[in-house]
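The structure under discussion appears below in the form of structure tokens.
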Amino acid sequence: MEHYKPAGFWIRFLANLVDGVFTFILAVIISFLIQDASLFEKYTSVESSPSEDIANLIYGVIFVIIFTGSKFRGSPGKMVCKIQVLDKNMMAQISLLKSLGRAFAYILSALPLMIGFMMAGWNEEKKALHDIICGTRVVYRD
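First residue of the sequence shown: 1, per the UniProt record's numbering; consecutive thereafter.
In structure tokens:
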């Protein structure tokens with residue numbers, strides 16, 4: 001079995017920021033396509049617009065769940081940051097079902113003041129709560 005370097009809190013945080021930028025770009029494109037309210041008005045508003053909701057859904061389902069459970073082994077943000085999600089036992093690609101479960105486990109990581117995400121910076125194996133729940137590891141790519 002190969003040895004992989006665990007990805008800690010800050011690189012994972014950066015990957016999520018990159019995903020946020022991609023989601024924003026997708027929302028802008030969708031906004032132009034469906035001719036939603038003006039961009040300035042929409043993106044300075046506290047309420048989400050239909051194009052933002054659609055972008056979040058598309059990004060969440062396609063680019064996070066499907067990409068993570070495929071040969072890409074992670075969202076576009078994780079790919080940009082050269083990290084990947086693997087099964088903790090086999091250190092191999094996870095299934096789509098495990099990727100879906102991991103997405104739901106994100107909710108649990110977020111609930112108690114985001115402490116579940118911060119756990120990746122506190123333990124030696126750099127595991128967040130959703131990694132522990134789903135039996136996954138986030139590691140650097142070769």
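The beta carbon of each residue, even a glycine, is placed where N, CA and C say it ideally should be.
N- and C-terminal bounds of the alpha helix (DSSP H) containing R137
Where R137 is concerned, there is no enclosing alpha helix (DSSP H), although the beta strand (DSSP E) it sits in stretches over 136-140.
Taking 8 Å as the threshold, find out whether the segment 2-14 comes into contact with the segment 83-103 through three or more Cβ pairs.
Enough Cβ pairs lie closer than 8 Å, so yes.
One or two residues paired with Q84 in a DSSP bridge:
For Q84, which the question treats as bridged, DSSP gives the partners V139.
Member of I29, M79, D53, K88 whose CA lies at the smallest distance from the CA of D142:
Nearest in C-alpha terms to D142, of all of I29, M79, D53, K88, is M79.
Local conformation of P112 per DSSP, three classes
DSSP places P112 in coil when its eight states are reduced to three.
Take I65 as the anchor and find which of N16, F13, P112, G101 has the nearest alpha-carbon.
G101
Residues near A128 by beta carbon distance below 7 Å, same chain, minus five either side:
Within the same chain, A128 has close Cβ partners S109, G116, F117, M119, A120.
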